[in-house]
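Residue numbers (the working numbering): 38 to 162.
Glycine included, C-beta positions come from ideal geometry on N, C-alpha and C.
Just so it is clear, the structure is predicted and the values come from calculations on it, not from any experiment.
Below is one structure, written out as structure tokens; the observations come after it.
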């Protein structure tokens, strides 16, 4: 018995599910891809590369930024102490133009000795 003959032998409701099911799965995959791209295309992406504690009042945070070159990007850079409290914060403004991938070194003044530094968010303006 061929596949087509088996398909025709099924009750009508089961035949409809063999068509609607795969089509529904393909539509769901398409929507997931579309939502994923809509949420990430044109948005800045960053990765923390490290930090250098200079003294009790300064830390340098190093991060990599991938960005759209036609918009201003503002990144929040924070310094934290041993108990994870924020002891310093600065907004690093990256003007439009230049390279789409940058490595940034940002100095943050602190109110106490910092033990870690990181970029917590980047946004376009």
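- In terms of CA proximity to residue 83, 113 leads the group 148, 113, 122 and 56.
- Residue 154 is bridged by DSSP to 116.
- Taking the Cα of residue 162 as reference, the smallest distance to any Cα among 150, 141 and 107 is reached at 107.
- DSSP lists no bridge partner for residue 162.
- When Cβ pairs closer than 8 Å are counted between the two stretches, the stretch 42-56 is seen not to touch the stretch 95-106, the count staying below three.
- Linking residue 53 to residue 73 through their CA atoms gives a straight-line distance of about 30 Å.
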